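In the UniProt record's numbering, the protein residues as written are 1 to 454. Think of the CB as a built atom: it goes at the ideal place given N, C-alpha and C, for glycine as much as any other residue. Since we're looking at a predicted model, the values are computed, not measured.
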Ligand SMILES: Cc1cc2nc3c(=O)[nH]c(=O)nc-3n(C[C@H](O)[C@H](O)[C@H](O)COP(=O)(O)O)c2cc1C
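Below is the structure:
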């Protein structure tokens, strides 16, 4: 039986996510990100196409590494300006029934207790359809805005994130026993205090003492996503993540990233296929291959190199204004994101990248490949990627909004369904049940399940 393909949409609460410059196209509506209607329409489009989720990225801080200033990012609207993604979720959840909502929240500037409460609230309001993409932040500008002199060192950010999650698991899984919630109107008892436990956490980075103030939500712990691909990031993912995003520009790179993650999962005592892997990808599909290619050519014309330089410099921590376009990128450890630079240097030994190549690549679709064609051509490529790399699906970026997703729903989804590699209807239940085919809650041997009481 051919491998099933899962689709998520990858967005941000901003104008230009991974295709800077495209907002200038006639018909593009990405500047409507300030309107509730824009998000509700998008969510309903994705649900009509049976997408598993709408996944919202987020960063704290400005892209000011390129040329030492945020000017390029501001001029080109490259992930700047950007609003908070969390408030979008309840309004889209209200307008849909099955679509999942992944949201990125960094652990760098939050207290575990407050974040746990916010996700519990989202999980209640979405009837168990929320996922958390755990990130540790890579922009020094964000640290400065939050009153810290600089980001913590790269690997230490993950050590701290491990403890952050431990506190969250204690709150989500360990504070309220299942039988604690009584809602017994005849006896006038809402909850049984004897079954609600105080969390006593005293750690290296965090202290938390007291019971969790929220009643348990359908999933308790939101479905956990992670996207850090460095060695330390991969170990973190193998311990916590149930779904993992990969950003690899070539098929070889994708295959080796997927392999590294599957073996890290084994080393962490989990089944190698216990986490779903989603590759970042951009799809430009139209009624005919010629029309798709013509649109791609127009997008290429409009793509902003300046915006791409701002993004790539921010992700890698390297000021690319100091490089010439023909310079070859080579890997160095930085305290920004390490896997972004690895993607364009050591990840695929068969591929060398100049700055020009990497900027052209990033300017449409970020760290993921672009697939252009009619529905059959795109479906062929998606199937080949899934079969050859062992991934489970795609985190699809957009070039023109909302057109990119309308086209995918109109042309690609029916083709995938016809080939028997895409669902015909949603499964019932929470996002965890829909995606992993297991119960609503974390299950052993996932570390989070070990904090459960009662
Ligand atoms: C598909 C994908 C999506 C990502 N989305 C975000 C995001 O929204 N916010 C963020 O801060 N980092 C995001 N990242 C970056 C990673 O989460 C991670 O912070 C970064 O790669 C640095 O970690 P590393 O050095 O372990 O790779 C994303 C990475 C990938 C591959």
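Between residue 42 and residue 56, how many whole angstroms is the CB-CB distance? I'm expecting something under 8 Å. Along the chain shown, read from residue 1 onward, the residue named residue 42 stands at position 42. Along the chain shown, read from residue 1 onward, the residue named residue 56 stands at position 56. Contact annotation, residue 42 with residue 56: C-beta distance approximately 11 Å; criterion of less than 8 Å not satisfied.
Taking 8 Å as the cut-off, does the CB of residue 344 come closer than this to any heavy atom belonging to ligand 1? Against the chain shown, residue 344 aligns to sequence position 344. No, since every heavy atom of ligand 1 falls outside the 8 Å radius drawn around the Cβ of residue 344.
Locate the alpha helix (DSSP H) running through residue 310, then write down its first and last residues. By 1-based counting over the chain shown, the position of residue 310 is 310. Annotation: the continuous alpha helix (DSSP H) that includes residue 310 extends over 305-316.
Neighbourhood of residue 445 by C-beta distance below 8 Å, restricted to the same chain and skipping five residues each side: On the chain shown, residue 445 is found 445 positions in, with the first residue counted as 1. These residues qualify, in order along the chain: 269, 270.
What ranges does the beta strand (DSSP E) occupy inside the segment 121-149, keeping only unbroken runs of at least 3 residues that lie completely in it? Restricting attention to beta strand (DSSP E) runs no shorter than 3 residues, the segment 121-149 encloses them at 130-135, ordered along the chain.
Taking the alpha-carbon of residue 276 as reference, which of 205, 426, 431, 68 has the nearest alpha-carbon? Counted from its first residue, the chain shown places residue 276 at position 276. The closest CA to that of residue 276, considering only 205, 426, 431, 68, is found on 431.
Would you say the beta carbon of residue 1 is closer than 8 Å to some non-hydrogen atom of ligand 1? For this step, residue 1 is matched to residue 1 along the chain shown. At a cut-off of 8 Å, the beta-carbon of residue 1 does not count as near ligand 1: no heavy atom of the ligand is closer than that.
Runs of 4 residues minimum, wholly inside the segment 241-300: which ones carry the alpha helix (DSSP H) assignment? Taken in chain order, the unbroken stretches of alpha helix (DSSP H) that lie wholly in the segment 241-300 and span 4 residues or more are 251-267.
Minimum C-alpha distance to residue 415 - residue among 450, 325, 377, 391: Here the question's residue 415 lines up with position 415 in the chain shown. Among 450, 325, 377, 391, the Cα nearest to that of residue 415 is on 377.
Is it right to say residue 146 is buried, meaning 16 or more other beta carbons lie within 10 angstroms of its own, or is it exposed? Taking the first residue of the chain shown as position 1, residue 146 is located at position 146. With a threshold of 16 other beta carbon atoms within 10 Å, residue 146 falls short and is exposed.
Note down, in chain order, each residue of its chain lying with its Cβ closer than 6 Å to the Cβ of residue 258, except the 5 sequence neighbours on either side. Taking the first residue of the chain shown as position 1, residue 258 is located at position 258. Answer for residue 258: 277, 389, 390, 391, listed in chain order.
Sort out for me which residues DSSP pairs residue 189 with in a bridge. Along the chain shown, one-based indexing puts residue 189 at 189. Bridge partners of residue 189: 184.
Below 8 Å, is the gap between the Cβ of residue 136 and the nearest heavy atom of ligand 1? Residue numbering aside, residue 136 sits at position 136 when the chain shown is read from its first letter. For ligand 1, at least one heavy atom lies less than 8 Å from the Cβ of residue 136.
Nearest-angstrom Cβ-Cβ length linking residue 364 and residue 292, presumed shorter than 8 Å: Here residue 364 is taken as the residue at index 364 of the chain shown, counted from 1. Here residue 292 is taken as the residue at index 292 of the chain shown, counted from 1. The pair is not a contact, with the Cβ atoms about 13 Å apart (cut-off 8 Å).
Is the beta carbon of residue 199 sitting closer than 9 Å to the one on residue 209? The residue labelled residue 199 in the question sits at position 199 within the chain shown. The residue labelled residue 209 in the question sits at position 209 within the chain shown. Using a Cβ distance threshold of 9 Å, residue 199 and residue 209 count as a contacting pair.
Sequence ranges, beta strand (DSSP E) only - wholly within the segment 314-375, length at least 3: Those beta strand (DSSP E) runs which fall completely within the segment 314-375 and span 3+ residues are 369-374.
Over the uninterrupted beta strand (DSSP E) stretch that includes residue 9, give me the two end residues. The residue you call residue 9 lines up with position 9 of the chain shown. Taken as a continuous stretch (DSSP letters only), the beta strand (DSSP E) holding residue 9 covers 6-12.
Would you please state the rounded distance, in angstroms, between the beta carbons of residue 359 and residue 296? I believe it to be under 8 Å. Taking the first residue of the chain shown as position 1, residue 359 is located at position 359. Taking the first residue of the chain shown as position 1, residue 296 is located at position 296. The beta-carbon distance between residue 359 and residue 296, rounded to whole angstroms, is 17 Å. This is too long to meet the 8 Å contact definition.
Taking the alpha helix (DSSP H) that residue 405 belongs to, which residues open and close that run? Start at 1 with the first residue of the chain shown, and residue 405 comes out as number 405. That run of the alpha helix (DSSP H) goes 403-407.
By Cβ distance, which residues of its chain are closer than 6 Å to residue 339, with the 5 residues on each side in sequence left out? Start at 1 with the first residue of the chain shown, and residue 339 comes out as number 339. Apart from the 5 residues on each side of it in sequence, residue 339 sits with its Cβ closer than 6 Å to the Cβ of 229, 230 in its chain, given in chain order.
Which residues in the same chain have their Cβ closer than 8 Å to the Cβ of residue 327, if we skip the five residues on either side of it in sequence? On the chain shown, residue 327 is found 327 positions in, with the first residue counted as 1. If we look at residue 327 and ignore the five residues flanking it on each side, its Cβ neighbours are 354, 355.
So, for residue 472: in the same chain, excluding its five sequence neighbours on each side, which residues have a beta-carbon less than 7 Å away from its beta-carbon? The chain is shown from 1 up to 454; residue 472 falls before or after that span and cannot be answered.
In the DSSP assignment, what residue or residues form a beta bridge with residue 199? The residue labelled residue 199 in the question sits at position 199 within the chain shown. According to the DSSP secondary-structure assignment, residue 199 is paired through a beta bridge with 210.
First through last residue of the beta strand (DSSP E) which encompasses residue 80: Indexing the chain shown from 1 puts residue 80 at position 80. Unbroken run through residue 80: none, as it is neither H nor E.
Pick from 113, 139, 117: whose alpha carbon is nearest that of residue 70? Counted from its first residue, the chain shown places residue 70 at position 70. It is 139.
Sorted by chain position, which residues of the same chain lie with C-beta nearer than 6 Å to residue 164's C-beta, five sequence neighbours on each side aside? Stepping through the chain shown from its first residue, residue 164 is reached at position 164. If you ignore the 5 residues before and after residue 164, its C-beta comes within less than 6 Å of the C-beta of 107, 112, all in its own chain and listed in chain order.
From 274, 67, 121, pick the residue whose C-alpha is nearest to that of residue 319; which is it? Counted from its first residue, the chain shown places residue 319 at position 319. Ranked by how close their Cα comes to the Cα of residue 319, the residues 274, 67, 121 have 67 in first place.
Under a three-way DSSP split, which group does residue 50 fall into? As a first step, residue 50 is located in the chain shown; it is residue number 50 there, counting from the start. Judged by DSSP in its simplified three-state form, residue 50 adopts coil rather than helix or strand.
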